[in-house]
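So the sequence shown is residues 17 to 582, counted in the working numbering. Worksheet: the structure to be examined is printed underneath.
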Amino acid sequence: MEQVKTQGLFSEDDIELAWERVCASVGSDVKDYFGINVFNSNISFYLKEIFKELDENNYIPIKPFKYFEPKKCGTQRTKTVLNIKDAIIYQAIADKIGYLLYNKLSQRNEFVYGSVLNENVSKGVSILEDDEPDFYFFEYYVSLYNRFIEGIGSTIESGKVQYKLETDITGFFDCIPHSVLLIRLFEYGIDKRVIDLLAICLNTWSGTRDSITLNVGIPQGPSASFLLANILLDELDDKIISKDFSYFRFMDDIRIYSSSREKLLDILVDIDRYLKGHSLSLNASKTRIKVVDSKNNDEDLVLDGSGIPFDDDMLDWEHQYIEDKQELNIDKAAEEDLILQDETQLKNRTNSSFSSTHCSQLSSLIVTLIESDLMELVHLNKDLDEGASIPTDVIRKFLTLSQRWRSLVSALKAEGKYTPNNDLIEVWLFGIENIFWKTNSMVWNLNLYDSLENYSSEYERILGSFERFEWVKYQLLSVFYKVYPNNYEKHSEAINQLKHEPSPLVRLGYYSVLVESIRENSDLFSSYSSVLKNESNEYVKQAILSSVHYKNTQVSIESLKEWFLK
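Written out as structure tokens, the structure is:
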């Protein structure tokens with residue numbers, strides 16, 4: 017691999033800031049938590065080692081861990097987990113680019129709503145000196161999505177538009193040509209050394225687990241990739257904005273409103289030609305011009321892969337026995353985070369009223385009402401005809417209620433005043449089977465229970481039915497120990513399955529949940545270490561050693577290698 021001269025490109029502060037932003041970033045499913053735990057054990061040493069490696073021109077990126085995550089339609093997207101060192105350097109590159117281009121990109125903020133740079137990016141490394149630094153690289157997802165919804169709503173309510181064009185880009189992240197992106201960065205004045213380093217990194221990190229796609233595709237998951245994607249579309253934004261349309265873009269989801277259908281047809285041709293000139297293409301199946309319907313606009317606000325908008329009208333609280341509306345509003349305000357795509361996006365709340373006895377009682381009542389609504393949804397949709405799918409509005413309501421339940425129950429459990437209702441376990445299992453692309457959301461709920469032992473048959477059936485989706489199986493394995501606590505026969509079977517499991521993600525799931533068992537059973541320890549010794553995926557092997565080290569901090573990584581790998 018060609019070596020890039022990186023000496024003098026980054027300061028120690030640059031590396032520290034990149035570390036903080038990687039840790040603060042959203043997207044828990046693409047973080048190298050095992051590497052983060054190791055770095056946390058001696059952060060100063062590890063960051064200095066990265067700086068030294070760069071300053072001596074010795075940095076070489078390595079192939080990342082990749083897995084396939086299902087979409088609602090049944091296809092899958094490739095997600096990338098960079099090892100912690102590569103993640104820090106990728107973020108350091110993004111920090112350099114974001115700092116230089118902040119003013120330019122921020123001019124689009126009333127049109128672009130996905131992955132908008134946090135204004136603190138403009139401070140550069142000086143943010144490290146703030147008393148309470150905000151290390152989020154982008155603005156918070158909730159506020160961005162709310163602005164997106166409100167902007168579209170205001171445009172429609174103005175009565176000045178009659179038509180809308182909606183479209184998106186086919187396989188956007190996977191199809192971005194490196195040459196087009198790198199030329200754009202050069203035109204925008206980015207240091208050629210940064211561009212050269214980025215070029216080598218992207219070629220190492222592109223493609224799927226099965227094959228590298230040279231010179232095309234950027235890793236989907238890290239924050240830096242979302243910045244690069246926005247930069248690539250910046251020129252297209254300018255072209256559309258200059259035509260005086262009502263324009264809204266949420267990453268590659270594009271919405272344009274106009275009083276003229278002909279003008280929308282014209283701009284569609286312009287967009288198509290522009291993208292083709294950059295080796296990209298529109299998704300024909302998702303491209304349409306429609307008459308604006310102000311009475312039925314809600315369905316158009318749901319973007320694939322984005323959060324679920326919370327709608328008070330979905331939850332018919334008016335008929336419930338709640339007398340203190342003011343307290344209810346306080347409680348709702350504490351739960352505005354319902355629009356999350358990922359729970360790591362939650363902002364800390366300091367609303368003391370939520371912890372009061374009165375609000376706890378009120379929250380318990382709300383949980384009961386939510387549970388009633390959820391069970392009714394399941395009852396009405398559990399006997400669908402074969403091949404039929406749950407309506408979008410029902411899915412939206414189910415997920416909204418699910419997130420609200422989780423948030424309230426988590427808070428109540430933290431106060432030691434609540435035990436989750438076991439009747440809801442069937443609801444979450446229903447959710448996994450029918451809204452499989454949101455399995456993580458259901459599993460988060462299942463993890464709030466102390467035990468799932470009585471649901472082993474349903475668990476095994478569902479686990480077996482999702483062989484084609486490794487991500488679903490991986491999520492389900494996170495509650496394996498709750499289904500089979502201290503069941504060493506089942507744990508032994510799981511270790512044997514590891515020998516034949518083709519998916520490294522699923523193997524990682526099995527290894528992770530069996531860590532507890534090997535601490536308690538010497539026979540399992542022997543079998544486990546034998547399988548781990550022969551593990552072919554280096555990331556999986558190192559991740560598990562890091563995990564064991566983290567849970568047994570008195571045992572060094574080197575000692576663990578002696579135990580497990582020799």
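No residue lacks a Cβ here, since even glycine has one placed at the ideal position from N, Cα and C. These numbers come from a predicted model, not from an experiment.
Assigned with DSSP and collapsed to three states, Thr171 falls in helix. Among the bridge pairs identified by DSSP, Phe266 is matched with Asp269. Restricting attention to alpha helix (DSSP H) runs no shorter than 4 residues, the region 97-167 encloses them at 100-122, ordered along the chain. Using a 10 angstroms sphere on the CB of Thr220, the tally of other CB atoms reaches 16 or more, which defines it as buried.
DSSP places Ile192 outside both helix and strand once states are collapsed to three, so it counts as coil.
With contacts defined by Cβ atoms closer than 8 Å, Phe496 and Lys489 do not form a contacting pair.
Taking C-beta atoms under 8 Å as the contact rule, Asp30 and Ala108 qualify, at a distance of about 5 Å. The C-beta distance from Phe84 to Glu474 rounds to 25 Å, too long to meet the 8 Å contact threshold.
A direct Cα-Cα distance of roughly 7 Å separates Tyr290 from Leu252.
Within the region 36-82, complete beta strand (DSSP E) segments of at least 3 residues are not found at all. Annotation: the region 212-262 contains the following complete segments of the alpha helix (DSSP H) (minimum length 4 residues), in chain order: 239-257.
Pairing Ser379 with Leu440 gives a Cβ-Cβ distance that is not under 8 Å. Membership of Lys398 in any beta strand (DSSP E) is not indicated, and neither H nor E is assigned to it by DSSP.
Ile105 is the residue among Arg422, Ile105 and Gly233 whose C-alpha sits nearest the C-alpha of Lys64. Under a 10 Å Cβ-count criterion, Lys112 is classified as buried, with 16 or more other Cβ atoms of the shown protein chains found around its own Cβ.
Under the 8 Å Cβ criterion, the region 130-141 counts as touching the region 154-163, having at least three qualifying pairs. Taken in chain order, the region 376-435 contains no complete beta strand (DSSP E) segment of 3 residues or longer. Contact between Pro80 and Asn99 holds: their C-beta atoms lie close to 7 Å from each other, under 8 Å.
In the three-state DSSP reduction, Tyr500 falls in the coil class, being neither helix nor strand. Put simply, of Leu479, Val556 and Asn246 the residue whose alpha carbon is nearest the alpha carbon of Lys120 is Asn246.
Contact annotation: Phe164 and Phe242 have beta-carbon atoms that are not nearer than 8 Å. In the three-state scheme derived from DSSP, where H, G and I count as helix and E and B as strand, Ile441 is classed as helix.
Bridge partners of Leu281 according to DSSP: none are assigned. Gln92 carries a strand assignment under DSSP once its states are collapsed to helix, strand and coil. Ile234 and Arg277 have their alpha carbons spaced roughly 35 Å apart. Between the alpha carbons of Ile206 and Leu33 lies a gap of roughly 19 Å. Nearest to Leu530 by C-alpha distance, out of Asn502, Pro518, Gly480 and Lys549, is Asn502. 8 Å or more divides the Cβ of Val46 from the Cβ of Lys180. For the pair of segments examined, the region 182-200 was found to touch the region 294-302: the number of CB pairs separated by less than 8 Å reaches three.
With a threshold of 16 other beta carbon atoms within 10 Å, Lys82 meets it and is buried. A direct Cα-to-Cα measurement between Lys68 and Ser533 gives close to 40 Å. Taking a contact as a CB-CB distance under 8 Å, the pair Ser258 and Tyr273 does not count as one, their CB atoms being some 16 Å apart. Residue environment analysis places Ile287 among the buried positions, since at least 16 neighbouring C-beta atoms fall within 10 angstroms of its C-beta. One thing to note: Ser418 has its Cβ no nearer than 8 Å to the Cβ of Ser388. Glu85 carries a strand assignment under DSSP once its states are collapsed to helix, strand and coil.
Between Ala240 and the set Gly43, Ile168 and Leu445, the nearest pair of CA atoms involves Gly43.
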